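These notes concern the structure reproduced below.
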Amino acid sequence: MILTAQQLYSEQVQYLPLAERFRLAALLLDDLQALPSLPPMPTERAPRPRPVFGSGKNDISYMADDFDAPLEDMREYSE
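Just remember that the working numbering sits 136 ahead of the position in the sequence shown, which is counted from 1.
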């Protein structure tokens, strides 16, 4: 049976003399400090707002006249 620290304290430690309680607390702290540190928990980000139709208008300032023309580099794949 595995006891949590709260259960251990409430059920067993209350019967120990005060000096023994401090010794037990020091042992528990030493064990906790020996544990590897865990990375911080990620915080929840607010959900991104849903994009509105037309919100990207004017984002592209220049487009070449031959944008839709076939590329010379891809000619061998299209034949």
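Just so it is clear, CB atoms sit at the ideal spot from N, CA and C, and this is done for glycine as well.
Everything numeric in this text was worked out from a predicted model, so none of it was measured.
Check, Outcome
"Boundaries (first-last residue) of the alpha helix (DSSP H) holding Ser225", "There is simply no residue 225 to check, as the chain begins at 137 and stops at 215 in what is shown."
"Own chain residues within Cβ distance below 7 angstroms of Pro206, not counting five before or after", "Ser214"
"C-alpha gap between Ala200 and Arg186, whole angstroms", "30 angstroms"
"Phe158 versus Pro183 - alpha carbon distance", "47 angstroms"
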